[in-house]
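Residue numbers (our numbering), protein chains in the order written: chain A, 187 to 462; chain B, -12 to 240.
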């Protein structure tokens, strides 16, 4: 065997055994029948997939898409001007970029817990508002869709800012200057020139936010409480409390497939190919 | 005018990103239990440091993170080098896919694999299953960081070494590896952080005797808020911050 093959071997073995094989197993499980005490039994069936079409589960699917979509839209709206600012910041570019990235690299759990601490009934916001006598009883800020959205946007905003910045950075400044020279006001230059030519960056960033939002588990669990169930929570529930592995496997595969399709689109489409 | 508006917005956005963490840290020094400032105190830090559950979780997390990041760094670096020689499409695609696979899916699929294997092997979930899982999701991070560095490396260096009589192994260890070492160490630090931080996958594949620090924190956070969690969070923020800044420095070298 050649040197190169030896170097690739450990990664190939590890990824085959502990990434591909587990997926193959849940792929098989999703077509089996639920066992009486958890686990799986024969016969083969497509019942788990049929159950996903049940209105109860369609609602969860719809809700996950909706929350992930809205979080992505907010990240785009918030992240674009931030990336634009950083790309025009001259010498301080790197400093600002580090400031965006630092909270992103700190613990995900801690970042989510911070919002729990701020939003709960005896949290920072409610304490301040009641101390100022603005409210009498605490506002229900936690355990709802709004809290989940906030948590997701907070966690994944840097996922959008980074590729967006990379795109804007590479933009030829002469384009915007030409538009300005021809008499376009700044907002018009932005709308008709900068945004259209940076569309690949917007799409890449949006997909990078949408994928983890769609599969989110920790954020809806901690900030949404039991009320805001998304696909990730459904999967976790089927593998733990509900002990319906075939159904949990089917839901996992749907989630996995959605993420994989988005990844393939992003890495093969001409416009966004080189951005990852 | 327009430029100033953008600047103000950017400042607000950066405040949004940092304020929650700052608030968390500030209140970790609060004397009282509630979110009302009652004076400076290190009480919650000493409570955190003397909590036996946290101590056990920390020990488990440290062992897991060190073992997993060393393994992932070796495997990921080797893979990056192999791909640098000639691309390995399937492996690379698989690694990218592992990065976008929702954590919960990775977690339940590994759980399914382990439970299936336990039917033939008389084993049960423990620290080693957590380590296996962490290595599996860290390899891709390491590969990406090291590959980026290799792309900037001059291929003729290795050829020159081989022309001078070094074998391919010797050329790798004496020429290429020293050239990418900063990136390898940076990748190891990143792997350490990702492993130390993981909750979702870990909670699914950990055994009763291998609760990690994030699992203990999570349980505490769900039970209600204790300022002890703030203190632990602040310590984690400082630790992670230091590791990441160090990794960035190394990567830029």
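We treat Cβ as the ideally placed atom computed from N, Cα and C, and that holds for glycine.
| Check | Outcome |
| --- | --- |
| Quick check on the DSSP output: the alpha helix (DSSP H) that includes residue 320 of chain A runs from which residue to which? | Looking at the DSSP string, residue 320 of chain A is not in any alpha helix (DSSP H), and its letter there is neither H nor E. |
| Can you confirm whether residue 421 of chain A, when its beta carbon is compared against all beta carbons of chain B, has any partner nearer than 8 Å? | yes |
| For the alpha helix (DSSP H) that contains residue 330 of chain A, what are its first and last residues? | No alpha helix (DSSP H) contains residue 330 of chain A, which DSSP labels as neither H nor E. |
| Please report the straight-line C-alpha distance between residue 397 of chain A and residue 30 of chain B, rounded to a whole angstrom. | 41 Å |
| Report the residue from A:351, A:346, A:434, A:362 whose alpha carbon sits nearest the alpha carbon of residue 159 of chain A. | Shown here, chain A extends from 187 to 462; a query on residue 159 of chain A therefore has no answer. |
| Tell me the residue span of the alpha helix (DSSP H) that contains residue 30 of chain B. | 30 to 36 |
| Contact defined as beta carbons within less than 8 Å: I believe residue 418 of chain A pairs with residue 406 of chain A. What is the distance between those atoms, to the nearest angstrom? | 7 Å |
| Considering just the uninterrupted stretch of the alpha helix (DSSP H) at residue 423 of chain A, what are its terminal residues? | 417 to 425 |
| Cβ of residue 170 of chain B within 8 Å of Cβ of residue 132 of chain B? | yes |
| How is residue 227 of chain A classed by DSSP in three states: helix, strand or coil? | strand |
| Nearest to residue 350 of chain A by alpha carbon, out of A:189, A:282, A:421, A:392? | A:392 |
| Determine, for residue 25 of chain B, whether the minimum Cβ-Cβ distance to residues of chain A falls below 8 Å. | no |
| What separation, rounded to the nearest whole angstrom, lies between the Cα atoms of residue 134 of chain B and residue 168 of chain B? | 12 Å |
| Select from the region 70 to 93 of chain B all residues with a C-beta closer than 8 Å to any C-beta belonging to chain A, and list them in chain order. | 70, 72, 73, 75, 78, 81, 82, 83, 84, 85, 87, 88, 89, 90, 91, 92, 93 |
| Please compile the residues from chain B whose C-beta is within a distance smaller than 8 Å of the C-beta of residue 193 of chain A. | 65, 66, 68, 69, 72 |
| Output needed for residue 53 of chain B: all residues of its chain with C-beta closer than 6 Å, excluding positions within five of it in sequence on either side, in chain order. | none |
| Can you list, in chain order, the residues of its chain with a C-beta nearer than 8 Å to that of residue 97 of chain B? Leave out the 5 residues immediately preceding and following it. | 116, 119, 120, 123, 188, 191, 192 |
| Using a C-beta cutoff of 8 Å, does residue 189 of chain A count as contacting chain B? | yes |
| Quick check: is the beta carbon of residue 350 of chain A nearer than 8 Å to any beta carbon in chain B? | no |
| Among the residues of its own chain, which have a CB less than 7 Å from the CB of residue 258 of chain A, if the five just before and after it don't count? | 392, 395, 396, 399 |
| Do residue 183 of chain B and residue 85 of chain B have their C-beta atoms closer together than 8 Å? | no |
| Using alpha carbons as the reference points, say which of A:409, A:332, A:435, A:300 lies closest to residue 260 of chain A. | A:332 |
| Relative to the C-alpha of residue 348 of chain A, which candidate in A:288, A:376, A:209 has its C-alpha closest? | A:288 |
| State yes or no: is the beta carbon of residue 125 of chain B nearer than 8 Å to at least one beta carbon in chain A? | no |
| Which residue wins for smallest C-alpha separation from residue 73 of chain B, given the options B:142, B:25, B:17? | B:142 |
| From which residue to which residue does the alpha helix (DSSP H) around residue 199 of chain B run? | It is not in any alpha helix (DSSP H) - residue 199 of chain B carries neither H nor E in the DSSP assignment. |
| Residue 114 of chain B and residue 50 of chain B look like a contact to me (Cβ under 8 Å); what is the Cβ gap, rounded to whole Å? | 7 Å |
| Apart from the five residues on each side of it in sequence, which residues of its chain come closer than 7 Å, Cβ to Cβ, to residue 79 of chain B? | 70 |
| Looking only at DSSP bridge pairs, what is residue 219 of chain A linked to? | A:227 |
| What did DSSP end up calling residue -12 of chain B once you bin it into helix, strand or coil? | Low local confidence applies: a pLDDT of 48 at residue -12 of chain B is under 50, so the model's placement there is unreliable, with the coordinate-based value given in what follows. In the structure shown, residue -12 of chain B sits in coil (DSSP, three-state: anything other than H, G, I, E or B). |
| Return the bridge partner residues of residue 27 of chain B from the DSSP annotation. | B:17 |
| Run down chain B in chain order and give the residues with a C-beta less than 8 Å from the C-beta of residue 313 of chain A. | 21, 22, 23 |
| Evaluate the contact criterion for the region 20 to 37 of chain B versus the region 151 to 168 of chain B: three or more CB pairs, one atom per stretch, below 8 Å. | no |
| On the three-state DSSP scale, how would you describe residue 232 of chain B? | helix |
| So with CB distances below 8 Å, who are the chain A contacts of residue 155 of chain B? | 189 |
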